[in-house]
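Trainee:
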Amino acid sequence: MIRRPIPRWLVATLSLVGFAILIGLYSWLSIRQTQKNPEQTILPSLSGFQAGFQKILKPQGSETSPKPAMLWSDLGATYLRLFLGMLVGVILSVMVGVAMGAYRYVEALLSPAISFLSKIPPTAMMPVYFVMVGTDQKMFTAMVALGIFFTMAQSVYQAARKDVSDDAINKAYTLGASDGEIILDVMFRQILPRILDNIRLQIGPAMVFLLAAEMLVGGQGMGYRIRMESRILNLSVVYIYLVILGTSGLLMEWALLNFRRKLFPWFGE
Amino acid sequence: MCRFNHAKVSVGRFFVHTSWIGCVLLSAGMLLTTGCDGKSDISGSSTAATGVNGTSLNPSSKPPVFSLAWSEYPSWSVFGVAAEQGLIDEAEGKLGDMEKKWNVDIVLKQTDYDTCIQFYGASQADAVCITNMDILGPANSRTAVAILPTSTSDGADACITVGIDDLDGLAGKATFGLERSVSQYAFERILTLKGKSPKDFPFQQMDPSLAATAMQTGDASVRSIMVWNPFVLQTLRTQKNAKLLFDSTAIPEEIIDMVVVAKDALDRPGGKMFAMAVLDTYYEMNRRLADPAKGNDTLIAIGAKFSNLGLDDMKLVVEQTKFYQNPEAALKLLESQKFQKETMPAVAQFCLEHGICEKNPTVSFDSLDAQLNFDLSYLKAIRAGATPSGN
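Protein chains in written order, with the numbering used here: chain A, 4 to 272; chain B, 6 to 396.
#1: What span of residues does the beta strand (DSSP E) with Lys114 of chain B cover, start to end?
#2: What did DSSP end up calling Gly252 of chain A once you bin it into helix, strand or coil?
#3: Check the Cβ of Ser80 of chain B against every Cβ in chain A and list those closer than 9 Å, keeping chain order.
#4: If I follow the unbroken alpha helix (DSSP H) through Asn173 of chain A, where does it start and stop?
#5: Quick check on Lys61 of chain A: buried or exposed, where buried means 16 or more other Cβ atoms within 10 Å of its Cβ?
#6: What residue does the alpha helix (DSSP H) around Lys320 of chain B start on, and which one ends it?
#7: Quick check on the DSSP output: the alpha helix (DSSP H) that includes Ile135 of chain B runs from which residue to which?
#8: Do Leu314 of chain B and Leu198 of chain B have their C-beta atoms within less than 7 Å of each other?
#9: Report yes if the C-beta distance between Glu258 of chain B and Thr157 of chain B is below 7 Å; otherwise report no.
#10: Which of the three DSSP states is assigned to Ile305 of chain B in this structure?
#11: Taking the alpha-carbon positions, what's the Ala80 of chain A to Val246 of chain A distance?
#12: Looking at C-beta atoms only, is the number of pairs between the segment 133-150 of chain A and the segment 185-198 of chain A that lie closer than 8 Å three or more?
#13: Could you check whether the segment 118-133 of chain B touches the segment 315-335 of chain B, counting it as contact only if at least three pairs of C-beta atoms, one from each stretch, sit closer than 8 Å?
#14: In the structure shown, what three-state DSSP assignment does Phe370 of chain B receive?
#15: May I ask you to list the residues that DSSP assigns as paired with Leu153 of chain B?
#16: What's the call for Gly275 of chain B, buried or exposed, on a 16-neighbour Cβ count within 10 Å?
#17: For Phe86 of chain A, collect the residues of the same chain with a Cβ closer than 8 Å to its Cβ; drop the 5 residues on either side in sequence, then sort them by chain order.
#18: Note down, in chain order, each residue of its chain lying with its Cβ closer than 8 Å to the Cβ of Lys70 of chain A, except the 5 sequence neighbours on either side.
#19: For Ala194 of chain A, write down the residues that DSSP places opposite it in a beta bridge.
#20: Helix or strand or just coil, what does DSSP make of Val227 of chain B?
#21: By DSSP's criteria, Ile286 of chain B is part of a beta bridge. Which residues make up the other side?
#22: With a threshold of 6 Å on Cβ separation, who are the neighbours of Ser233 of chain A within its own chain once the five nearest residues in sequence on each side are excluded?
#23: Could one say the Cβ of Ile235 of chain A lies closer than 7 Å to chain B's Cβ atoms, at least one of them?
#24: Is Leu219 of chain A close to chain B? Criterion is C-beta to C-beta, closer than 7 Å.
#25: Taking DSSP as the reference, what is the three-state secondary structure of Asn234 of chain B?
#26: Assuming Val283 of chain B and Leu73 of chain B are in contact, meaning their beta carbons sit under 8 Å apart, how far apart are those beta carbons, in whole angstroms?
#27: By the 10 Å Cβ neighbour count, where 16 or more other Cβ atoms means buried, how is Thr136 of chain B classified, buried or exposed?
#28: From the beta carbon of Asp139 of chain A, is the nearest beta carbon of chain B less than 7 Å away?
#29: At a CB distance below 9 Å, what residues from the segment 100-133 of chain A approach chain B? Give them in sequence order.
#30: For Arg185 of chain B, which residues in chain A fall below 8 Å Cβ to Cβ?
#31: Excluding the 5 residues flanking Cys121 of chain B on each side, which residues of the same chain have their C-beta closer than 7 Å to its C-beta?
#32: Tyr329 of chain B and Pro154 of chain B look like a contact to me (Cβ under 8 Å); what is the Cβ gap, rounded to whole Å?
#33: Can you give me, in chain order, the residues of the segment 55-80 of chain A that have a beta carbon less than 8 Å from any beta carbon in chain B?
#34: Alpha carbon to alpha carbon, how far is Met73 of chain A from Thr243 of chain B? Give it in angstroms, no decimals.
#35: Can you list, in chain order, the residues of its chain with a C-beta nearer than 6 Å to that of Ile307 of chain B? Leave out the 5 residues immediately preceding and following it.
#36: DSSP state of Ile26 of chain A, grouped into three classes?
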């Protein structure tokens, strides 16, 4: 029967079986490839992964001026860039989105242009952005911010326009609220959980964009390392990084979802 | 399919798809595609097995398929122009003149230089256009046979600066280019020759075409780049403040541009015919370049394929990239004691010492049992005027 419930223990077991299949499939491919060519590093064996871990966890720099191991500097670089870029992008898009939802002339001025720009895939815009924002460290922030801005502004605007009823605004006016108070205390408050949801949904596209930029420029970062190590065919490091990206993605998703549920239980889901 | 792309797509999807099952299915899918790619290699060789091993030709059987990965570079764009001129048909299942002559189906895969290297290492291509230092790494895991030196960089790799006038001014400032590749090699090697310590000159990863674009558009954070042609000339033409700080004329016949075939591909039925077809095509194109009637047109065709450079610039490009125009010139290089006993070992040693390469392969010039083999027999056969039937 469709959607018949199954016991929890079965859900848990099947999830584990899913991962077991994944690992089994990989091992089979790896063993087959190693039989063909013992020197292969495309589908590394367990010892290949050990070497990979050693490489990324080995402290860099010299005795006098130690630097963190590759993994930490890459993780740090990428997530700092992601954080800064998201911060700038979210602040800008919330400001613009709310303004569009609040004032008809801002809406008329910006809405068509923004909905047009939000339909262009950000990665296709990269060559343009590189020319506009340069290639230094600020670039990553700008890239991520620009990459999420148009879609996010569009969603915030939709929320501010549709979720906040005219009734609520008129009631606030009747009670003597100023424009500023309505924007902050009525509109912004009501759409805040929606904004949190959008941040969560934008992390994925932001990462696609950030990693693509890192693959082109930079001396550290997850994207840089993946391109570099895959060129020298050190795929063990690449797989480890992919697993880390997957895991951290799930963690961020889970954290933001729970944060919103805890903070705004009235929002549902 | 390129593994690189799998990786990129899956990264994005990991975040977008929330359910565990989704993740698992996607990853499994990714692995399966990887597996299928491997399989298509095998089936490629099984169709090849129905082909002919050189001696008796059966025209009704499908010729074996071999792929050559190449990127834009003067002596490699030659293959792209050969495709335009009908010598090779880049698609699978279609044959150009040379493919018919040697009864092989050559598939040309054009991509970025570093993706070419990856294609070779990941067995996504049977042969690759690559330099003598960049093959050192991949040869460790996939035995390589260099069959054809196409050219040597004699100014085609250069360090270009804006607002920096000499080496002392460059010290401490970042130079951008493809890290751990021929660019970093040339950069550190020439600095060493000039009595400097490469440690004082940071080299930073940036995609070479992006580095060139950044300098051409006046990006203030990119003051020094180490790139190859067409990027060198394009940048010098477009950015008026650009200065050529040094170039590969300082290290003549040290950077050798080559075509390398994987030993596993050469060993497949028809592998040797593939190698001969590549050489035959390359020298036919060189004859066309040397032909007073067709030379300029061919050069313009390469220029158009390769960049926006016109005839005059292309003449300069060909000077900076000295083609080994015939088998004699190629053999002269590869047979010379200097290249075999001094240049190659020194290049390998330098790469290892400077972390450009993590492990060096064994290199051989007279047998095929090393990890990187220079096999001169194809050049000799072409020089002797070998034909498919007489092979």
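Don't be surprised by glycine CBs; every beta carbon is placed ideally from N, CA and C.
Mentor: This is what the structure holds:
#1: Here the question's residue 114 of chain B lines up with position 109 in the second sequence. Start and end: Asp110 to Gln115.
#2: In the first sequence, residue 252 of chain A corresponds to position 249, counting from 1. Looking at Gly252 of chain A - three-state DSSP - the assignment turns out to be helix.
#3: Looking up residue 80 of chain B in the second sequence gives position 75. Taking the beta carbon of Ser80 of chain B as reference, no residue of chain A falls within 9 Å; the closest one sits roughly 22 Å away.
#4: Numbered from 1 along the first sequence, position 170 holds the residue referred to as residue 173 of chain A. Per DSSP, Asn173 of chain A belongs to the alpha helix (DSSP H) from Asp169 to Thr177.
#5: Translated into the one-based positions of the first sequence, residue 61 of chain A becomes position 58. By the Cβ neighbour-count rule, Lys61 of chain A is exposed, with fewer than 16 other Cβ atoms within 10 Å of its own.
#6: Stepping through the second sequence from its first residue, residue 320 of chain B is reached at position 315. Run containing Lys320 of chain B: Leu316 to Gln325, per the alpha helix (DSSP H) assignment.
#7: As a working note, residue 135 of chain B is residue 130 in the second sequence. That residue, Ile135 of chain B, is in no alpha helix (DSSP H); its beta strand (DSSP E) goes Ala132 to Thr136.
#8: In the second sequence, residue 314 of chain B corresponds to position 309, counting from 1. In the second sequence, residue 198 of chain B corresponds to position 193, counting from 1. Their beta carbons are not under 7 Å apart, which means Leu314 of chain B does not touch Leu198 of chain B by this criterion.
#9: Along the second sequence, one-based indexing puts residue 258 of chain B at 253. Along the second sequence, one-based indexing puts residue 157 of chain B at 152. With respect to the 7 Å criterion, Glu258 of chain B and Thr157 of chain B are classified as neighbours on the basis of their beta carbons.
#10: Sequence index remark: in the second sequence, residue 305 of chain B carries index 300 (1-based). Here Ile305 of chain B sits in helix by DSSP.
#11: Within the first sequence, residue 80 of chain A is the residue found at index 77, counting from 1. Within the first sequence, residue 246 of chain A is the residue found at index 243, counting from 1. Taken atom to atom, the span from the alpha-carbon of Ala80 of chain A to that of Val246 of chain A is near 17 Å.
#12: No, they do not touch.
#13: No contact exists between the segment 118-133 of chain B and the segment 315-335 of chain B.
#14: Within the second sequence, numbered from 1, the residue matching residue 370 of chain B stands at position 365. It is coil, neither helix nor strand.
#15: Walking along the second sequence from the start, residue 153 of chain B turns up at place 148. DSSP output for Leu153 of chain B lists B:Val264 as bridge partner(s).
#16: By 1-based counting over the second sequence, the position of residue 275 of chain B is 270. Residue burial is scored here from C-beta neighbours: Gly275 of chain B has at least 16 other C-beta atoms within 10 angstroms and is therefore classed as buried.
#17: Looking up residue 86 of chain A in the first sequence gives position 83. None.
#18: Along the first sequence, read from residue 1 onward, the residue named residue 70 of chain A stands at position 67. Once the five neighbours on either side are set aside, the close Cβ partners of Lys70 of chain A are Pro62, Gln63, Gly64 and Ser76.
#19: Here residue 194 of chain A is taken as the residue at index 191 of the first sequence, counted from 1. In the sequence as displayed, the identity of residue 194 of chain A is Ile instead of Ala. Ile194 of chain A pairs with nothing; no bridge assigned.
#20: Position 222 of the second sequence, counting from 1, holds the residue named residue 227 of chain B. In this structure, Val227 of chain B counts as coil in the three-state DSSP scheme.
#21: One-based indexing of the second sequence puts residue 286 of chain B at position 281. Strictly speaking, residue 286 of chain B in this sequence is Thr, with Ile absent from that position. In DSSP, Thr286 of chain B forms no bridge with anything.
#22: Here residue 233 of chain A refers to the residue found at position 230 when the first sequence is read from its first residue. Within the same chain, Ser233 of chain A has close Cβ partners Val241.
#23: Translated into the one-based positions of the first sequence, residue 235 of chain A becomes position 232. Judged by the 7 Å Cβ criterion, Ile235 of chain A is in contact with chain B.
#24: To locate residue 219 of chain A, count along the first sequence from 1; it is residue 216. Interface criterion met: the Cβ of Leu219 of chain A is under 7 Å from a Cβ in chain B.
#25: In the second sequence, residue 234 of chain B corresponds to position 229, counting from 1. The three-state secondary structure of Asn234 of chain B, taken from DSSP, is coil.
#26: Along the second sequence, one-based indexing puts residue 283 of chain B at 278. Along the second sequence, one-based indexing puts residue 73 of chain B at 68. Indeed they touch by this definition, with Cβ atoms about 7 Å apart.
#27: Indexing the second sequence from 1 puts residue 136 of chain B at position 131. With 16 or more other Cβ atoms within 10 Å, it is buried.
#28: Taking the first sequence and counting its residues from 1, the one referred to as residue 139 of chain A is at position 136. Yes, Asp139 of chain A counts as interfacial toward chain B.
#29: Hits within the stretch, in order: Pro130 and Phe133.
#30: As a working mapping, residue 185 of chain B is identified with position 180 in the second sequence. Neighbours of Arg185 of chain B on chain A, chain order: Met231, Arg234 and Ile235.
#31: Residue numbering aside, residue 121 of chain B sits at position 116 when the second sequence is read from its first letter. Once the five neighbours on either side are set aside, the close Cβ partners of Cys121 of chain B are Ala74, Trp75, Ser76, Val133, Cys134 and Ile135.
#32: Here residue 329 of chain B refers to the residue found at position 324 of the second sequence. Here residue 154 of chain B refers to the residue found at position 149 of the second sequence. The C-beta distance from Tyr329 of chain B to Pro154 of chain B rounds to 5 Å, short enough to fall under 8 Å.
#33: Cβ contacts with chain B: none found.
#34: Position 238 of the second sequence, counting from 1, holds the residue named residue 243 of chain B. Position 70 of the first sequence, counting from 1, holds the residue named residue 73 of chain A. Each residue's CA atom was taken as its position, placing Thr243 of chain B and Met73 of chain A some 37 Å apart.
#35: Locating residue 307 of chain B in the second sequence gives position 302, where the first residue counts as 1. Listed in chain order, the non-local C-beta contacts of Ile307 of chain B below 6 Å within the same chain comprise Ser82 and Val86, local neighbours out to five positions each way being set aside.
#36: The residue given as residue 26 of chain A occupies position 23 in the first sequence. In this structure, Ile26 of chain A counts as helix in the three-state DSSP scheme.
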